[in-house]
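If you're matching them up, the sequences are chains A and B in order.
Quick note on numbering: this note's numbering labels position 20 of the first sequence as 4, and the sequence is numbered without any gaps.
Quick note on numbering: this note's numbering labels position 126 of the second sequence as 110, and the sequence is numbered without any gaps.
Read through the structure below, which is laid out as structure tokens, and then see the notes.
2 protein chains.
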Amino acid sequence: MKDEYTIGQLAKNSGVTVETVRFYVQKGLIKQPTPKSGYRKYSFDDIIKIKFIKRAQYLGFTLNEAKELLELRVNNRARCGQVKVKAEQKLDEVEKRIKDLNIMKRSLKKMINSCSNDEKFVTECPILECFEKDKRC
Amino acid sequence: MKDEYTIGQLAKNSGVTVETVRFYVQKGLIKQPTPKSGYRKYSFDDIIKIKFIKRAQYLGFTLNEAKELLELRVNNRARCGQVKVKAEQKLDEVEKRIKDLNIMKRSLKKMINSCSNDEKFVTECPILECFEKDKRC
DNA sequence: ATAAACCCTGTAGTACACTACAGAGTAAAG
DNA sequence: CTTTACTCTGTAGTGTACTACAGGGTTTAT
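This is the structure:
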């Protein structure tokens, strides 16, 4: 577990491209290391950081939100409660989206089932009505 | 329920801005009406369409996907079978999206629960560890 | 009749999250 | 020692979904 990664090694180890690393550096998510030789050397912690960012994005956080979380992580005066509040906000968003998608799913299923006769015209298909009228199909 | 809306009235009635309507027209989601007088007049169906688009977007579909769905709706020469195929594709997408969101939901919930003491410092907060270690907390 | 409010076309700018070079320098392998 | 692979800085382009004008014309209310 060395601590001297070129940008390419960092990229490879954290599962992103070199360009993405540069992008994160530019956005201030990763600190730009000062080059001792010709190339800049990144640390193992930078791998951790990028994986953190990727996971945060997967969990529905934006890059800026990921940056905020990283700053909380780095700033150890921050309290657990602050992180919790952010997570709870995201949970609300996620739950709302799931609810709506389930409505959509039911609508689509109902349409597929009602669409037994392939020769029927679209106007007789119920899905788009469900969509339009905002009703619980 | 008149059928002669100026762009401003259309925008107001469908809950978007005038610029957004123009954007949808430009993108081909709304048909550009030919002006009888000086101003173009939109129909009640355009209100329905914009609400349809907004609902589709809210449910996680892109503008292009919304356009596809609208095209199915509008083209009544399309047969039920064609719509069915698209609906089945969308259903797969919706189910995948729900699955991913449920994973997110579970992760976020476990994170929140593990963060019982708000006064703990971030370094002691398990939320960020969950993030970092890529484990199913 | 005139002023405010609205509409027209067209172009440019914004935010997000990258992605793709160009042109030059550096490091490592054979 | 030369070739290949990698790195550097910097700028520009992509796609999505708007948002903001500029510089006109039109409608409506008073």
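Glycine included, C-beta positions come from ideal geometry on N, C-alpha and C.
Since this is a predicted model, take the numbers as computed values, not measurements.
Assuming residue i contacts residue j under a Cβ cut-off of 8 angstroms, what Cβ separation, rounded to an integer in Å, is found between them?
{"i": "B:S91", "j": "A:L43", "result": "6 angstroms"}
{"i": "A:N86", "j": "B:I82", "result": "7 angstroms"}
{"i": "A:G12", "j": "A:K51", "result": "7 angstroms"}
{"i": "B:K96", "j": "A:K68", "result": "In the sequence under discussion, the amino acid at residue 96 of chain B is Ile, which differs from the Lys named in the question. Indeed, because the Cβ distance is near 6 angstroms, the residues count as touching under 8 angstroms."}
Which residues bound the alpha helix (DSSP H) around residue i?
{"i": "B:E3", "result": "2 to 10"}
{"i": "A:Y42", "result": "28 to 42"}
{"i": "B:Q16", "result": "Element bounds for B:Q16: n/a, residue is neither H nor E."}
{"i": "B:S(-2)", "result": "-9 to -2"}
Listing by chain order, which chain A residues have their CB less than 7 angstroms from the CB of residue i?
{"i": "B:V0", "result": "Per Cβ cutoff of 7 angstroms: no residues; B:V0 is ~16 angstroms from chain A at best."}
{"i": "B:L43", "result": "D84, L85, M88"}
What separation, rounded to the nearest whole angstrom, lies between the Cα atoms of residue i and residue j?
{"i": "A:D84", "j": "B:K94", "result": "23 angstroms"}
{"i": "B:I14", "j": "B:L47", "result": "12 angstroms"}
{"i": "B:S21", "j": "B:Y(-11)", "result": "13 angstroms"}
{"i": "B:D76", "j": "B:Y23", "result": "43 angstroms"}
{"i": "A:V2", "j": "A:Y26", "result": "12 angstroms"}
{"i": "A:V78", "j": "A:Q16", "result": "34 angstroms"}
{"i": "B:D30", "j": "B:A71", "result": "22 angstroms"}
{"i": "B:V9", "j": "B:I32", "result": "14 angstroms"}
{"i": "A:F45", "j": "A:Q73", "result": "10 angstroms"}
{"i": "A:R120", "j": "A:R63", "result": "Annotation note: pLDDT 48 at A:R120 (below 50); position unreliable, no value reported."}
{"i": "B:T4", "j": "A:L(-6)", "result": "42 angstroms"}
{"i": "A:G(-8)", "j": "B:R6", "result": "45 angstroms"}
{"i": "A:F28", "j": "A:E49", "result": "22 angstroms"}
{"i": "B:Q174", "j": "B:N(-3)", "result": "Nothing about residue 174 of chain B can be reported from this structure: the residues present for chain B run from -15 to 121 only."}
{"i": "B:D(-13)", "j": "B:K80", "result": "40 angstroms"}
{"i": "A:I34", "j": "B:I34", "result": "39 angstroms"}
I want to verify the contact list: residues of chain B whose CB lies under 7 angstroms from the CB of residue i, in sequence order.
{"i": "A:E72", "result": "I96"}
{"i": "A:N(-3)", "result": "Chain B residues near A:N(-3): none, gap ~13 angstroms exceeds 7 angstroms."}
Going along chain B in order, which residues have a C-beta closer than 8 angstroms to the C-beta of residue i?
{"i": "A:L47", "result": "Those do not exist, as A:L47 stays about 14 angstroms from chain B at its closest Cβ, beyond 8 angstroms."}
In chain A, which residues lie with their C-beta within 8 angstroms of the C-beta of residue i?
{"i": "B:E79", "result": "K89"}
{"i": "B:L75", "result": "K89, L92, K93, I96"}
{"i": "B:I82", "result": "I82, L85, N86, K89"}
List, in chain order, every chain A residue whose beta-carbon is nearer than 9 angstroms to that of residue i.
{"i": "B:K34", "result": "Note that residue 34 of chain B corresponds to Ile in the displayed sequence, not to Lys. The premise fails here: B:I34 is roughly 11 angstroms from chain A at the closest Cβ pair, so nothing lies under 9 angstroms."}
Is residue i close to the ligand NAP? I mean its beta-carbon at under 7 angstroms from any heavy atom of the ligand.
{"i": "B:G22", "result": "No copy of the ligand NAP appears in this structure; indeed no ligand is present at all."}
Could you name the residues of chain B that residue i contacts, counting a contact when the two beta carbons are closer than 9 angstroms?
{"i": "A:K20", "result": "Simply none; closest approach about 27 angstroms."}
{"i": "A:K11", "result": "Going along chain B, no residue has its Cβ under 9 angstroms from A:K11, so there is no contact; the nearest lies around 18 angstroms."}
- Message: Count Cβ pairs between the segment 42 to 57 of chain B and the segment 28 to 40 of chain A that sit closer than 8 angstroms; are there 3 or more?
- Response: In this structure the segment 42 to 57 of chain B does not touch the segment 28 to 40 of chain A; the number of beta carbon pairs closer than 8 angstroms is below three.
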